[in-house]
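The structure appears right after this line, and notes come after that.
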Amino acid sequence: MCLEQLNSHVCLHLDMKIMIIGGGWLGMSLAKRLKKDGYEVAITGRNRVIATEDLNFFQFEIADRESWSGIDQFDPEVVVICIPPLKSDDQLFFLEEFSASRLKGRRVIYTSSTGVYYSEGIFDEESLVEESGWIRKSEKSLLSDSVSFDLVILRLGGLIDQDRHPIYHLQGRKDLSDPNGVVNLVHRIDVIHAIKCLIDSNIHNGLYNLVSPDHPKREEYYTKMAGFLKLELPEFKKEKGNYKEVKGDKITQLQGFKYQGDIWLSLR
97 MCLEQLNSHV CLHLDMKIMI IGGGWLGMSL AKRLKKDGYE VAITGRNRVI
147 ATEDLNFFQF EIADRESWSG IDQFDPEVVV ICIPPLKSDD QLFFLEEFSA
197 SRLKGRRVIY TSSTGVYYSE GIFDEESLVE ESGWIRKSEK SLLSDSVSFD
247 LVILRLGGLI DQDRHPIYHL QGRKDLSDPN GVVNLVHRID VIHAIKCLID
297 SNIHNGLYNL VSPDHPKREE YYTKMAGFLK LELPEFKKEK GNYKEVKGDK
347 ITQLQGFKYQ GDIWLSLR
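Positions 97 to 364 (our numbering) are the ones given, in order, by the sequence shown.
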């Protein structure tokens, strides 16, 4: 029996089962955090090398319908789909068929991308998106069947942490564009925290951007990060370029959530 001083929503979710589709860099970290917090967690992947002793593991291939049966065996209440949006007809087919055949009656959280927005402008969740782009097609593949399940879409900025950062790909590059544009990044700890808050707050439907409120200019940010990490400095074109800023304030209205990740990795 739950102690009176505990929040009622904590008691409500103690026996919740959560399945994470995609055991990559984000999915595995999320699974470990949820397991630590007392949930029964399952994770999927192409091979068992990602599995750990304390997580339920199901082999999973998006092109192999028979491998999808693991979700029926585990029977989770919440499914978190952590597969990056790709330019892939196979992925669109998977999202359409999997949602139609396996997600009925469940709560679903889908990690999409802020790449769904146009390349110029200031955007929030009410803004127009590139309807013909692959990212939006992936979202619509789920939305077409979402009447039979609850769906929250999280549009993530560029994912970073201490071990993963875009500067490793940009170091030493010449003629980079948009020097006066701003970065739209989010730390992995904020993504994990946001998903945990969505689950604990019992949010069943919605659309949220997840982007750090810190938006330094691209040239300033990547030059300083390269110097901080002792990498070859990138060089930017001497041009105005495009300005794209994605607002991530809406999710701060969610009980218990505030941005904590440091996109400067403690540089300042």
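Glycine included, every Cβ here is placed at the ideal spot set by N, Cα and C.
Going by other Cβ atoms of all chains shown within 10 Å of its Cβ, with 16 needed for buried, is residue i buried or exposed?
i      : result
Asn280 : buried
Gln349 : exposed
Gly344 : buried
Glu235 : buried
Pro275 : buried
His283 : buried
Pro309 : exposed
Ser228 : exposed
Ile263 : buried
Going by beta carbon distance, what residues of the same chain come within less than 6 Å of residue i, once the five residues before and after it are set aside?
i      : result
Gln351 : Ser297
Leu130 : Ile114 and Val137
Tyr304 : Leu250, Lys346 and Ile347
Glu193 : none
Ala159 : Asp186
Just list the residues that DSSP pairs residue i with in beta bridges.
i      : result
Asp246 : Arg203
Met115 : Ala138 and Val175
Phe154 : Thr140
Ile218 : Glu341
Tyr304 : Leu250
Ser209 : Leu252
Figure out for me which residue from the options has the closest Cα to the Cα of residue i.
i      : options                           : result
Gln258 : Ile117, Trp360, Phe153 and Gly119 : Trp360
Gly123 : Tyr135, Met112 and Thr140         : Thr140
Thr373 : Ala159, Ile295, Ser362 and Leu250 : What the structure shows of the chain is the stretch from 97 to 364, and residue 373 is not part of that stretch, so it cannot be assessed.
Ile117 : Asp241, Lys132, Phe353 and Gln155 : Gln155
Lys200 : Asp246, Ser362 and Glu221         : Asp246
Asp220 : Tyr264, Phe170, Cys293 and Val307 : Val307
Glu335 : His311, Gly323, Ile299 and Leu272 : Leu272
Ser242 : Ile205, Leu126, Gln267 and Trp164 : Ile205
Suppose the cutoff is 8 Å on Cβ atoms and the five residues either side in sequence are ignored; what does the same chain contact list for residue i look like?
i      : result
Lys183 : Trp230
Leu151 : Ala127, Lys128, Lys131, Val137, Ala138 and Ile139
Residues in the same chain with beta-carbon distance under 7 Å from residue i, minus the five sequence neighbours each way, listed in chain order, please.
i      : result
Leu191 : Ser234, Ser237 and Leu238
Val225 : Val212, Tyr213 and Arg232
Val106 : Any reading at Val106 must be qualified, since the residue scores a pLDDT of 47, below 50, and its modelled position is unreliable; the value itself is stated next. Excluding residues within five positions, none has a Cβ falling inside 7 Å.
CB of residue i to nearest heavy atom of the ligand ADP: below 6 Å?
i      : result
Ile177 : By its list of ligands, the structure shown contains no ligand whatsoever, and the ligand ADP lies outside what it can speak to.
Kindly say whether residue i, judged by its beta-carbon, lies nearer than 7 Å to any beta-carbon of chain B.
i      : result
Gln169 : In summary, chain B is missing from the structure at hand, where a single protein chain is found.
Can you confirm whether the segment 323-337 touches the segment 284-297 when touching is taken to mean that 3 or more C-beta pairs between the two stretches lie within less than 8 Å? Pairwise C-beta distances place the segment 284-297 out of contact with the segment 323-337, as fewer than three of them are shorter than 8 Å.
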